[in-house]
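Everything in the sequence shown is counted per my numbering, starting at 1 for the first residue and increasing by one.
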Amino acid sequence: MKFLLALPFIGLLWVPFYNQELPSLFGFPFFYWYQFLWVPITSLLIWIVFKNGQSQGEE
């Protein structure tokens with residue numbers, strides 16, 4: 001399950017993919033809201049990996 005922690009890194013690694021203005025969301029360019037979207041996604045992934053490690057007894 002620890003491979004899930006690589007998803008935010010991969011999702012934000014290639015900047016030319018999201019270095020654009022459109023589509024905008026609530027007036028924010030895609031560049032900003034795409035990065036901001038990864039904040040709750042990353043938190044959720046960390047929680048999933050943590051809970052999975054707890055149930056397996058890992059340190």
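A virtual CB, placed ideally from N, CA and C, is assigned to each residue, including glycine.
Keep in mind the model is a prediction, meaning the values are calculated, not measured.
Please tell me whether residue 45 has its Cβ less than 9 Å away from any Cβ of chain D.
Absent from the structure: chain D. Only one protein chain is present.
Classify residue 30 as helix, strand or coil using the three-state DSSP reduction.
Along the sequence shown, one-based indexing puts residue 30 at 30. In this structure, residue 30 counts as helix in the three-state DSSP scheme.
C-beta contact flag for residue 38 and residue 8 at 9 Å:
As a first step, residue 38 is located in the sequence shown; it is residue number 38 there, counting from the start. As a first step, residue 8 is located in the sequence shown; it is residue number 8 there, counting from the start. Yes, Cβ-Cβ distance for residue 38 and residue 8 is below 9 Å.
Would you tell me roughly how many angstroms separate the C-alpha atoms of residue 29 and residue 45, rounded to the nearest one?
On the sequence shown, residue 29 is found 29 positions in, with the first residue counted as 1. On the sequence shown, residue 45 is found 45 positions in, with the first residue counted as 1. Looking at the two C-alpha atoms, the distance is approximately 25 Å.
Is the beta carbon of residue 20 sitting closer than 9 Å to the one on residue 31?
As a first step, residue 20 must be located in the sequence shown, where it is residue number 20. As a first step, residue 31 must be located in the sequence shown, where it is residue number 31. Taking 9 Å as the Cβ cut-off, residue 20 and residue 31 qualify as a contacting pair.
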